[in-house]
Structures are given as C-alpha cells and as structure tokens.
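Enquirer:
Residue numbers (this note's numbering): 1 to 138.
1. Since residue 62 sits in a beta bridge, which residues does DSSP pair it with?
2. Can you give me the Cβ contacts of residue 85 inside the same chain, cut-off strictly under 6 Å, excluding the 5 residues immediately before and after it?
3. Going by alpha carbons, who is nearest to residue 113 out of 126, 51, 81, 102?
4. With distances taken between CB atoms, is the gap from residue 41 to residue 123 smaller than 7 Å?
5. Provide the residue span of the alpha helix (DSSP H) that contains residue 132, from first to last.
6. Are the stretch 128-137 and the stretch 86-96 touching, with three or more C-beta to C-beta distances below 8 Å?
7. I'd like the ranges of any alpha helix (DSSP H) spanning at least 4 consecutive residues and lying wholly in the stretch 40-112.
8. What whole-angstrom Cβ distance do residue 71 and residue 59 have, given they're in contact under 8 Å?
9. In the DSSP assignment, the beta strand (DSSP E) including residue 120 goes from what residue to what residue?
10. Can you tell me the Cα-Cα spacing of residue 47 and residue 80, whole angstroms?
11. Please determine, among 107, 138, 117, the residue with the shortest C-alpha to C-alpha distance to residue 126.
12. Cα separation between residue 65 and residue 103?
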C-alpha cells in the first residue's frame, strides 16, 4: 500500500504537481446532487472497476498532455495490482463531463473500489502524485 506523503493534503486541500494539480474530493459516499449513488458513476463508465481502485482519465483527441498522462496511468495500473485505467473521450461523453464538472483535459479521477471519487487531478499529473493519490483509494 502506498503511503500518502505529508504534502498531500486531506479532503479539502490539494497539491500542485507538474502542470496539473491533485486535490481531494468531497465525495463521502453520499448521493450526488443529481441523486446518483457513487456506484452509478461506475455504471456510466461502461466498464468494470478495478478490484482496488480505478484511474479514470478524461481526454480529447488533440491533447498532447493527454497522451503523456495515458502513458503514466497505464504504467501505474500495470505495476499496482487491482488498479485499472479507464480513458474517456470527453467529446463523446459530454453528459459525464458536465455532471462531473470537467473543465479541461486531461482530468483524472481516482476512484476507490466502491466507485467513489477520492482524488481528482486536472492537467498532467506527475507519476509520484498519482501514486500518492492512490493511497487514499487503497
């Protein structure tokens, strides 16, 4: 299990890393504003969640940082058992983009095994920051 470094703040805080930032989520398992339970997000993704955590990446076609983020997340998912990487085309899934308030690509959501968002990164996150954020999900 990954330890969360002291620089990674709790639910209301965040850290800056590279050209992106990772912050906590206020999702505590309560229903979302639209009444959907956290597991509803998992159903909307159209794929199985990772056994321990899921890295959900929102990307767009001509986004160079999205390609770099994909490589980092694929590498992490390959080295951490039970972690899955799911990539969503933001343009094709505007319903999710709006509901989750995605404002730029790449945006990465770290989901725990139950499908709750525990961390969120906007921009291209550093590998170390993603690994640290996984600590909140595992």
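C-beta atoms are modelled at their ideal positions from N, C-alpha and C, and glycine is treated no differently.
Expert: On the basis of the supplied data:
1. DSSP, once it has assigned bridges, lists no residue as partnering residue 62.
2. 55, 73, 74, 77
3. 51
4. no
5. Here the alpha helix (DSSP H) through residue 132 covers 127-137.
6. no
7. 64-79, 94-99
8. Wrong, their Cβ atoms sit about 12 Å apart, outside the cutoff.
9. 117-122
10. Their backbone Cα atoms lie some 19 Å apart in a straight line.
11. Check the Cα spacing between residue 126 and each of 107, 138, 117: the tightest is with 107.
12. 15 Å
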